[in-house]
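Residue numbers (the working numbering), protein chains in the order written: chain B, 5 to 256; chain L, 11 to 199.
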């Protein structure tokens with residue numbers, strides 16, 4: 005404090021740092037330099053990213069090490085309930101939503117960390133779960149995923165994917181998903197040729213892609229999480245209960 | 011002694027790399043200074059909500075401008091503070107619109123959680139706007155010195171280098187500004 009009686013400097017909350025970083029990286033893609041036009045990425049492309057819908061959540065790695073979602077080793081159902089309730093309360097405090105409160109949509113956990121997708125009509129956020137006491141998940145930063153947009157497929161909406169886990173020890177990426185009453189499963193084909201199957205539950209699906217590299221560095225290098233995801237996820241396929249393909253294409 | 015990262019790179023070195031298009035170098039600058047810029051942005055706006063957007067705008071402008079500029083000191087912080095001050099006065103309104111377009115999300119909900127926490131901690135909500143109103147009444151030269159040295163707590167040496175004036179000139183501007191601010195704040199208290 006100095007002679008103007010200024011308030012002391014405050015520590016920058018992790019979620020605020022994350023939001024600022026995400027905004028800056030997105031803005032860098034939108035703000036071409038005169039000599040560096042190769043970085044220009046139309047916003048429409050960045051926002052039009054796909055993901056799938058579906059009720060189940062899958063945790064994958066770029067090496068094809070896919071596993072069904074599993075809670076942290078020591079977490080009990082009660083711990084997960086507390087985490088989910090805490091995240092929903094956090095979202096409702098952080099992003100007042102008026103008559104449409106935020107509700108939990110899809111949960112994924114792996115290796116002691118987790119993520120919960122929370123929806124509010126046409127928007128979604130992801131709540132990070134960081135390791136807490138006794139193996140329980142602790143409510144971490146909220147990551148805004150963006151507007152849920154209608155796709156070319158009737159009754160199928162896309163949740164744009166976004167980066168999350170920018171702070172240790174999380175470091176995954178979240179692949180946004182699809183919201184569809186018709187979808188019953190999805191398949192991701194990864195860049196190494198492996199594929200990941202996911203079931204659909206509650207009309208919402210989300211894939212959590214764990215990255216082996218330090219995602220903060222990667223994000224700055226690539227310029228946007230979408231660019232990174234394009235390299236990891238080759239294609240996305242969504243089918244209905246009869247196996248009819250509802251959507252098939254790149255995740256962007 | 012300049013601050014360096016794990017690779018021993020100073021701000022000036024990172025700045026040059028960022029100017030050449032190295033996003034990782036720019037990211038290192040961001041991680042190093044974002045907390046300081048965010049705090050300074052609050053002192054320039056008296057609003058944690060605006061501070062978040064102003065911080066984003068400041069770093070975006072830094073990314074666009076760094077190929078054209080060389081740091082005059084070892085630290086990028088004085089320049090970032092000066093940019094934040096300029097944006098707060100001039101371009102902030104339009105840049106906020108830009109940021110919202112980038113996010114494609116509603117505007118002001120993001121900061122409510124933190125703003126609430128802060129509001130319960132200090133009464134900045136009343137004190138800072140009054141102080142900023144007084145700062146805005148100052149002549150430009152004094153206002154710049156106040157923003158950098160009093161609000162930003164930079165050294166007069168750094169401010170002088172940034173403003174391109176002699177250090178004694180910055181000191182005299184601060185002295186006159188303090189006197190004016192005292193009067194202005196007494197009038198409004």
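For every residue, glycine included, the Cβ atom is placed at its ideal position computed from N, Cα and C.
When you compare the CB of residue i with every CB in chain B, is at least one pair closer than 8 Å?
i, result
"residue 48/L", "yes"
"residue 69/L", "yes"
"residue 165/L", "no"
"residue 80/L", "no"
"residue 181/L", "no"
"residue 53/L", "yes"
"residue 73/L", "yes"
"residue 66/L", "yes"
"residue 91/L", "no"
Does residue i have its Cβ less than 8 Å from a Cβ in chain L?
i, result
"residue 87/B", "no"
"residue 24/B", "yes"
"residue 90/B", "no"
"residue 14/B", "yes"
"residue 120/B", "no"
"residue 123/B", "no"
"residue 133/B", "no"
"residue 18/B", "no"
"residue 190/B", "no"
"residue 144/B", "no"
"residue 107/B", "no"
"residue 241/B", "no"
"residue 139/B", "no"
"residue 193/B", "no"
"residue 248/B", "no"
"residue 130/B", "no"
"residue 28/B", "yes"
"residue 185/B", "no"
Is residue i buried or exposed, if buried means 16 or more other CB atoms sit within 10 Å of its CB?
i, result
"residue 138/B", "exposed"
"residue 98/B", "buried"
"residue 125/B", "exposed"
"residue 95/L", "buried"
"residue 154/L", "buried"
"residue 9/B", "exposed"
"residue 176/L", "exposed"
"residue 164/L", "buried"
"residue 83/B", "buried"
"residue 183/L", "buried"
"residue 254/B", "exposed"
"residue 121/B", "buried"
"residue 249/B", "exposed"
"residue 65/L", "buried"
"residue 133/B", "buried"
"residue 81/L", "buried"
Going by the DSSP bridge assignment, what does residue i pair with across the sheet?
i, result
"residue 161/B", "154/B and 183/B"
"residue 135/B", "141/B"
"residue 120/B", "111/B and 131/B"
"residue 253/B", "240/B"
"residue 194/B", "237/B"
"residue 146/B", "131/B"
Counting only C-beta atoms, is residue i closer than 8 Å to chain C at any point?
i, result
"residue 9/B", "In summary, chain C is missing from the structure at hand, where the protein chains are B and L."
Interface positions of the stretch 139-158 of chain L facing chain B (Cβ-Cβ less than 8 Å), listed along the chain: Within the stretch 139-158 of chain L, the residues whose Cβ lies closer than 8 Å to any Cβ of chain B are, in chain order, 141.
Inspect the CB distances between the stretch 187-194 of chain L and the stretch 139-148 of chain L and report whether three or more fall short of 8 Å. A contact is defined here as three or more CB-CB pairs under 8 Å, and the stretch 187-194 of chain L meets this definition with respect to the stretch 139-148 of chain L.
Quick test of the definition: if touching needs 3 or more C-beta pairs under 8 Å, does the stretch 54-64 of chain L touch the stretch 240-247 of chain B? Counting Cβ pairs under 8 Å, fewer than three are found: no touch.
Between the stretch 24-42 of chain L and the stretch 58-65 of chain L, can you find at least three pairs of beta-carbon atoms closer than 8 Å? No, the stretch 58-65 of chain L is not in contact with the stretch 24-42 of chain L.
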